[in-house]
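Protein chains in written order, with the UniProt record's numbering: chain A, 1 to 230; chain B, 1 to 230; chain C, 1 to 230; chain D, 1 to 230.
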């Protein structure tokens, strides 16, 4: 069942330790088959070096397990909400990667200080509020998802494929699991350079809007000219 | 004698350089056989790449060497006190891992800034005072152990399997040597992210208590639902 | 066509990930054949582990593609301006290497705090202004090149083979692609140590001019005595 | 000539990149045969991955080359002064290792904040003044050596086998090249943790003298009990 998608998402999960984004089992990637309305996700708490493609768990968009011998990632209800609210995404990543998580813990959004950031994320990467007591105690992971999708009712989830959850860590997404991992790697690098940049100059200002526009649209949309075209 | 435990603790010791927690010989893992009242520990000052399972030294809980051609780790009297006072632990780790030691040198406890911390350590990781002149000059390593066990008379050593000794470094423990090493790796990661988090936001506050509760109890105790169950 | 130069510049490009200077495709090296007036450069957006020597794109100094199945790096117009204005260079590197880019984002030039810096770069590594709206919107990459070459009308590009572009990142150059990469590695190390040095001592002053002179001229010019001579 | 010493010092030099202490050729190890009054040292500017044991250059204590096809390290006159003034050392290391060099550039001595430091270095690692204009212009490398040996007329070079030269970098020494490299690795680790410690607590004080004494004498001198004895 969904053998190809399982393999793709297995490989995307294995990229998390390869790029240094996870310690132990602290991360997960999922990917969706939009036609069937099913997604596959890493099982909860299984070490990366024991993981196999067939271990990926198949879920539906009500959060029911459709197939799999393992429990799905405990963050699965968050993934469900994102897939339901963001119709054009095909993959989601959650990690506790060190620099992005440090920003999330600090409660600050990551300002756009340069072109590395602007090439991928349009504007500052938002840090959302911590859930309140009721939201935490009842359906914590689902409420995390609702908090994120609520924010993106007013914002473009395609121009900003990343978010920080306060006191927790980052989520990223993309057209498939591979792109979602790619964005997680970029976010970590951007988070690192923004922190160092502020230390080097405590008065630093975000990059001018026209530079942010230039770099973002150099890689995205109608007028894009970076890379080898379609 | 205790061949299986020696092998297990040998492997746990070898995980210290694998996870980047030690330089040269600056670390040690021990593990106990509660039925026999004996524990095995790394020999003192032997390089990791020369270590063999049979080099592990067997000790009793009075601190006497029962078997082994080498001297045990110089920190052995600290391990003895912890095994005596914490009846449910099976393994202990001491390292000079870089970030945890930097916090220990700074004399500050590590606040709980997020869920990575809360998943493993309930509340701030305590930094205990430096020993005084008398305690240092007479039975230094034993007194280090007594300082730790004294603190945990009023605190739960199972909900906080880590401590920092001021001007020195961290100790961690767990149900066996493997879990104690696991906790040492987590502590290092948590120490790193807490330091960076404070640099990104000098006014940062600890995570709300309800979030700390949620994450700790998601993984521990009766209602735990992380991972694949028992 | 230019098979030897392609191979040399291919190898220089492959040194960027080897030395940890690039994430994904964020960097490029070019090298010029001055007699033919042609240079070769990495194609745009092709991953390093798929790159082959024959993929290098051949360009002339008007910025026309002379040979190659791929589009050249989107930074090619910047390289063109540097080759035209700096007659004695043979290779150029652009990266988003983490520490140098953090300085570029901060908008600060890198002071010369010690002999590691002085051995390669004479004086502070300049951080140039951000381009203005008109310069960004029309011929952005070419204008980046003109901004750099304009600065070096009044400054010696051979004594300072590196520059930071504000909100963007570093460019370095040298007598060939290999030396340009060498300078990019040194710049990253110097940027790292300057940032740390300022954290250790917030009042630190640049190294005395006589020490800067000594180290620079120990390795460059008539009286050089470092290394094995010519 | 001195084939065994050449091999030993070759291996000690190869440990510098292995432990991450050098970029390119920025470091050198020497070792002395006290009976013959000759020492061997790395050649100047030869890459580590091309180095062979027979490339080591043999020097006498007047600074004359006795054997070798290459020029010796440009820092050779500094080594000469240290061998002459410190009769019980057998090896010397100079690097531009990142954290120790950052302290040297900052002009600050490294305070003893904990037992990792105290196990190897008794008291703060001194940062000596920058040479003045005359000292730099005439016999720079020799004057660097004299500045160091001058400091140790009043201080114990065996209890402090390391020094920082302002705006330059560290030198370490030991009973042979291997121990000198060991001390260079420790210095880098200690420098890193001291910088981080100060960031975590801006008001941190050095470790109490009695703790420094305890750890230093646990490993050195008559009453030492760390390791496996003689």
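Here a beta-carbon is modelled for each residue, glycine too, at the ideal position from N, C-alpha and C.
**Study point:** residue 165 of chain D, enclosing alpha helix (DSSP H) - first and last residue
**Key:** Looking at the DSSP string, residue 165 of chain D is not in any alpha helix (DSSP H); the run it does join, the beta strand (DSSP E), is 162 to 165.
Review point. Around the C-beta of residue 228 of chain D, are 16 or more other C-beta atoms found within 10 angstroms, so that it is buried, or is it exposed?
Key: exposed
Point to revise | Cβ separation of residue 22 of chain A and residue 78 of chain A, assumed to be a contact under 8 Å, to the nearest whole Å | key: About 17 Å; that fails the 8 Å criterion.
Practice item. Could you round the C-beta distance between residue 57 of chain A and residue 41 of chain A to whole angstroms and report it? I think they count as a contact, below 8 Å. Key: 6 Å
Check your understanding: Are the Cβ atoms of residue 116 of chain A and residue 163 of chain A separated by less than 7 Å?
Key -> no
Practice item. Taking only beta-carbon positions, decide if residue 208 of chain B is within less than 7 Å of chain A. Key: yes
Point to revise | Classification of residue 194 of chain D by the beta-carbon crowding that lies within 10 angstroms, buried from 16 upward | key: buried
Point to revise | Residue closest to residue 85 of chain D, alpha-carbon to alpha-carbon, out of D:156, D:192, D:183, D:25 | key: D:156
**Study point:** CB contact check: residue 200 of chain D to chain B, cutoff 7 Å
**Key:** Using a Cβ-Cβ cut-off of 7 Å, residue 200 of chain D counts as an interface residue toward chain B, since at least one Cβ of chain B sits closer than that to its own.
Practice item. Just the chain D side, please: which residues come within less than 7 Å of residue 101 of chain B by C-beta, in chain order? Key: 114, 116, 193
Check your understanding: In the DSSP assignment, what are the bridge partners of residue 55 of chain A?
Key -> The partner list for residue 55 of chain A (beta bridge, DSSP) is empty, contrary to what the question assumes.
Review point. So residue 16 of chain A is in the beta strand (DSSP E); what residue range does that whole segment cover?
Key: No beta strand (DSSP E) holds residue 16 of chain A; the alpha helix (DSSP H) holding it covers 3 to 18.
Review point. Hey, which unbroken runs of the alpha helix (DSSP H) at 4 residues or more fall wholly within the stretch 147 to 219 of chain D?
Key: 177 to 200, 209 to 219
Check your understanding: Of all Cβ atoms in chain C, is any one closer than 7 Å to the Cβ of residue 196 of chain A?
Key -> yes
Point to revise | Spatial neighbours of residue 230 of chain A in its chain, beta-carbon cut-off 7 Å, leaving aside the 5 residues before and after | key: Note that residue 230 of chain A scores a pLDDT of 47, beneath 50, so its modelled location is shaky and nothing firm can be said.
**Study point:** Sheet register partners of residue 94 of chain B (DSSP bridge)
**Key:** B:28, B:171
Review point. Anyone know if the C-beta pair for residue 196 of chain C and residue 201 of chain A falls short of 7 Å?
Key: no
Check your understanding: Comparing the C-beta of residue 41 of chain B with each C-beta of chain D, is any distance below 7 Å?
Key -> no
**Study point:** Cβ-based neighbour list, residue 48 of chain C, same chain, cut-off 6 Å, excluding 5 preceding and 5 following
**Key:** 17
Review point. Does DSSP put residue 36 of chain A in a helix, a strand or coil?
Key: coil
Review point. Counting only beta-carbon atoms, is residue 215 of chain C nearer than 7 Å to chain A?
Key: Taking CB atoms only, residue 215 of chain C has no neighbour in chain A less than 7 Å away.
Practice item. Check each residue of the stretch 166 to 193 of chain D: if its Cβ is closer than 8 Å to any Cβ of chain B, include it; give the result in chain order. Key: 182, 185, 186, 189, 192, 193
Practice item. Apply the 10 Å Cβ neighbour rule to residue 166 of chain C and answer buried if 16 or more other Cβ atoms are within range, or exposed otherwise. Key: buried
Point to revise | Buried or exposed by the 16-neighbour rule on C-beta atoms within 10 Å, applied to residue 145 of chain B | key: Buried is the call here.
Point to revise | Close-in-space but distant-in-sequence residues of the same chain around residue 224 of chain C (CB under 6 Å, 5 per side omitted) | key: none
Review point. Can at least three beta-carbon pairs, one atom from the stretch 28 to 36 of chain C and one from the stretch 87 to 102 of chain C, be found at a separation below 8 Å?
Key: yes
**Study point:** Option in A:203, A:158, A:177, A:182 with minimal Cα separation from residue 220 of chain A
**Key:** Considering only alpha carbons, the answer is A:158.
Practice item. Verify the CB distance criterion: does residue 136 of chain D have a CB-CB separation below 7 Å to chain C? Key: With 7 Å as the cut-off, residue 136 of chain D counts as an interface residue toward chain C.
Practice item. May I have the straight-line CA-CA distance separating residue 112 of chain B from residue 99 of chain B, to the nearest angstrom? Key: Residue 112 of chain B and residue 99 of chain B: Cα-Cα distance of roughly 15 Å.
Review point. When the Cα atoms are used, what is the spatial distance from residue 175 of chain D to residue 204 of chain D?
Key: 33 Å
Exercise for review: Return no unless some Cβ of chain D is closer than 7 Å to the Cβ of residue 48 of chain B.
Suggested key: no
Review point. Is any heavy atom of the ligand NAP found at a distance shorter than 6 Å from the C-beta of residue 31 of chain B?
Key: The model depicted lacks the ligand NAP and carries no ligand whatsoever.
**Study point:** Assumed close pair residue 119 of chain A, residue 216 of chain A - CB separation to whole angstroms, cut-off 8 Å
**Key:** 7 Å
Check your understanding: For residue 126 of chain B, which residues from the same chain have a beta carbon less than 8 Å from its beta carbon, with the 5 sequence-adjacent residues on both sides left out?
Key -> The answer, listed in chain order, is 109, 151, 155, 160, 163, 164.
Point to revise | Members of the stretch 11 to 31 of chain B near chain D, C-beta cut-off 9 Å | key: 23, 24, 25, 26
Practice item. Pull up the distance between the alpha-carbon of residue 97 of chain B and that of residue 2 of chain C, whole angstroms please. Key: 51 Å
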